[in-house]
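Report on one structure; see the data block that follows.
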Amino acid sequence: EGTLDGYLLECETEEPSPILPKLFEKCELADVLENKHSMPRDQVKIWVCIAQYQSSFNTGDMVIGDDSKSYGLFHITNKYWCKDDDENPNFKNICETSCTNFLDADLTDDLACIEKIIKDTESWKGEGTGLTAW
Numbered sequence: 188e189g190t191l192d193g194y195l196l197e198c199e200t201e202e203p204s205p206i207l208p209k210l211f212e213k214c215e216l217a218d219v220l221e222n223k224h225s226m227p228r229d230q231v232k233i234w235v236c237i238a239q240y241q242s243s244f245n246t247g248d249m250v251i252g253d254d255s256k257s258y259g260l261f262h263i264t265n266k267y268w269c270k271d272d273d274e275n276p277n278f279k280n281i282c283e284t285s286c287t288n289f290l291d292a293d294l295t296d297d298l299a300c301i302e303k304i305i306k307d308t309e310s311w312k313g314e315g316t317g318l319t320a321w
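Here's what the structure looks like:
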């Protein structure tokens, strides 16, 4: 039989749902990128900065532009990288995933896609230019 104190403790230690959006704190995001996703520290600094300025650390952020939408923590766009409800035949979906996958707390698919974005950008713009997509 649990007590109220036990219930509160259980709630405090419960992991956030990966299917819901999450508003990260700066250091929390850095920790997740480095320790959960094994991102090198020099890269962590870059992606924390990108997340701060693109989405204010909000995985549920979506911006509707003139000809595309940007999704999630890193504002991955439906014009090239993911598929959404816009059935525009000119959009590419290079990451082969639904854009809504970038709106939750699980960063695994976001990070897989940003790797593709960097590689794809460098394949046509040259080595070291991958981050120019942002």
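In this text, residue positions in the sequence shown follow our numbering: the first is 188, and each later residue adds one. Even glycine gets a Cβ: it sits at the ideal position worked out from N, Cα and C. All figures in this text were calculated on a predicted structure; none of them were measured in a lab.
{"query": "The segment 285-293 in contact with the segment 245-265 per 3-pair CB rule at 8 Å", "result": "yes"}
{"query": "Rounded separation between P208 and D248 - CA only", "result": "8 Å"}
{"query": "Stretch pair the segment 220-240 + the segment 266-284: three plus CB contacts closer than 8 Å", "result": "no"}
{"query": "C-alpha gap between T264 and E314, whole angstroms", "result": "22 Å"}
{"query": "Cut-off 8 Å between Cβ atoms - residues of its own chain near E274, not counting five sequence neighbours on either side", "result": "none"}
{"query": "Per-residue burial, G317 [other beta carbons within 10 Å of its own, 16 or more giving buried]", "result": "buried"}
{"query": "Outcome for D297 when other beta-carbon atoms lying within 10 angstroms are tallied against a minimum of 16", "result": "buried"}
{"query": "Contact set for I305: own chain, Cβ-Cβ below 8 Å, skip 5 residues either direction", "result": "G317, L318 and A320"}
{"query": "Whether S285 touches C300 by CB criterion (8 Å)", "result": "no"}
{"query": "Buried or exposed (CB count within 10 angstroms, at least 16 for buried), T246", "result": "buried"}
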